[in-house]
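These notes are about the structure you will find just below.
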Amino acid sequence: MSGGPAVAMRSLRLCGRRGSPSRRGRLVRSIVNPMARPVPVRTALLVVAAAALACSRRPPAGPPRVAVTVARAERRPVPYQLGATGTVEPIRGVAVLPRVEGTVLRVRFNEGDEVVAGQALFEVDARPYEAALLQAEATLSRDQVQADNAARDAARYRDLAANNTVTQEDYQQKQATADALAATVRADSAALVSAQLNVEYATIRAPIGGRTGSLTVREGALVRPNNPTPLVTINQLRPILVRFAVPSSNLPALRRYADHPLPVRARPGVGGAGPLDGVLAFMDNHVDSITGTVLLKGRFANADGQLWPGEFVDVTLILAVEADALVVPAQAVLTSQQGTYVFIVNGDGSATQQAVTVARTVDSLAVIADGVVPGALVVTDGQLRLTPNAHVDIRGAPRSESAGGSIR
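For the sequence shown, position 157 (counting from the first letter as 1) is numbered 157 according to my numbering, and the numbering increases by one without interruption.
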């Protein structure tokens with residue numbers, strides 16, 4: 001066999017079963033038939049090229065499927081709610097100040113302790129006030145005796161004056177002396193009460209229950225009533241308030257739903273626990289003309305002490321609940337110049353672009369007013385790689401928002 005036919009035969013063997021049997025037979029007969037005319041090398045090479053081209057032809061493959069994740073549109077209760085950033089503040093806070101001057105002999109608590117109302121916090125040197133109390137008691141006793149004697153004299157002179165034994169002038173003088181001594185007794189009684197209070201004030205007690213802050217004095221320090229710096233500050237943490245503001249445009253809804261207690265939820269910052277439930281306790285009686293907002297306060301039991309005064313929290317005020325809202329994950333909704341839309345996965349595995357009307361967004365859910373039916377599969381991830389009617393490869397099971405707890 002000449003060089004040209006041999007090359008052609010090797011090409012056919014490389015082609016294998018890619019060509020049809022009839023076509024391979026014709027090629028073989030034209031090359032190896034001994035009765036045929038000798039085939040030039042150039043012609044054989046052309047035959048080889050044609051055979052290779054025929055072998056390389058394959059039917060065109062469709063575009064690859066796009067990997068996506070999906071969720072199912074469903075109906076579920078969704079609240080009408082207002083969101084804001086709030087600040088935690090104590091329901092009561094008291095700066096403890098001394099009422100008497102003196103040296104601090106003892107501090108009877110540690111910084112940060114929980115204290116109850118009436119608990120002794122500081123002991124100021126009470127000896128000067130105890131001495132003043134004894135003096136006030138003695139003065140009252142002395143003046144009381146004198147007042148009693150003067151009252152008896154005045155009564156006796158009244159009877160004598162009635163019998164004309166003494167003059168009316170003498171009686172009036174005795175009565176004036178008795179009245180003056182009675183007034184002195186009243187003054188002494190007031191001084192005694194003041195001395196008793198000073199002794200009591202030498203023991204500084206907690207006016208409210210709560211958590212103590214940092215101490216500004218130590219044992220041995222001299223304290224005075226006119227010192228503006230508090231000895232310690234006590235904040236009541238249970239219950240506690242969260243102060244927040246909402247735009248005044250929400251006033252109609254607030255007034256409409258405020259005829260019953262409105263739930264308020266507060267979520268502490270990073271690393272905090274889950275949302276805490278409370279109720280709306282206060283709505284201000286005016287709109288702030290500078291900020292255009294209305295001040296609100298939520299009251300929380302704060303049994304675990306998770307809310308701390310001065311802390312910033314995310315606040316959600318729930319006005320009402322739509323019992324049968326149609327929702328999809330908010331991440332499924334895309335926006336174009338024509339409006340909002342989602343990709344819906346059909347039964348044949350293709351994805352169709354569908355225009356939707358979003359009524360509102362609540363946390364991670366979009367409430368759909370029109371465009372999607374319950375049970376539809378919407379693409380939540382991978383939709384940016386989709387084109388209309390593209391086929392998809394669904395990864396994982398469809399998400400169910402009712403199990404996700406995304407409504408707060």
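The beta carbon of each residue, even a glycine, is placed where N, CA and C say it ideally should be.
- CA-CA distance, V279 to L296, rounds to 11 Å.
- Selection A253, D393, Q236 and R399 evaluated against P64 yields D393 as nearest (Cα-Cα).
- Per DSSP, reduced to three states, the secondary structure at T361 is strand.
- Around the Cβ of I290, a 10 Å sphere holds fewer than 16 other Cβ atoms; the residue is exposed.
- Secondary structure of E123 (DSSP, three-state): strand.
- A distance of 9 Å or more separates the beta carbons of F300 and G269.
- Rounded to the nearest angstrom, the Cβ distance from A202 to Q119 is 16 Å, too far for a contact under 8 Å.
- T387 sits in coil when the DSSP states are folded into three classes, being neither helix nor strand.
- Take the alpha-carbon of H391 and the one of A359: they are about 29 Å apart.
- The segment 325-338 makes contact with the segment 380-391: 3 or more CB pairs, one atom from each, lie closer than 8 Å.
- Counting only residues of its own chain and dropping the five nearest sequence neighbours on each side, L181 has a CB closer than 7 Å to the CB of D143, Q146, A147 and A150.
- Contact between the segment 127-144 and the segment 188-200 is present: three or more C-beta pairs spanning the two stretches fall below 8 Å.
- Judged by their CB atoms, N302 and R238 are nearer to each other than the 9 Å cut-off.
- Taking a 10 Å sphere around the C-beta of Q338, we find fewer than 16 other C-beta atoms and assign the residue as exposed.
- Counting of Cβ neighbours within 10 angstroms places V373 among the exposed residues, the total staying below 16.
- For D277, the enclosing beta strand (DSSP E) starts and ends at L276 to M283.
- The segment 160-172 and the segment 225-235 do not touch, with fewer than three beta-carbon pairs separated by less than 8 Å.
- Each residue's CA atom was taken as its position, placing Y80 and L276 some 18 Å apart.
- Under the three-pair Cβ rule at 8 Å, the segment 306-322 does not count as touching the segment 340-349.
- In this structure, Q353 places its C-beta atom within 9 Å of the C-beta atom of L386.
- Sequence-distant Cβ neighbours of G83 in its own chain, meaning closer than 6 Å and more than five residues away, are T316.
- Taken through DSSP and simplified to helix, strand or coil, E111 comes out as coil.
- Assigned with DSSP and collapsed to three states, L319 falls in strand.
- Relative to the Cα of T233, the nearest Cα in the group G210, G292 and A187 belongs to G210.
- Separation of V116 and F244 (C-alpha to C-alpha, rounded to the nearest whole angstrom) is 29 Å.
- When DSSP states are grouped into helix, strand and coil, V145 belongs to the helix group.
- If you look at V333, you'll find it isn't in any beta strand (DSSP E); DSSP assigns it neither H nor E.
- Three or more Cβ pairs closer than 8 Å define a contact, and the segment 250-261 falls short of that threshold against the segment 119-138.
- Closest in C-alpha terms to A73, from the list V100, L365 and R186, comes L365.
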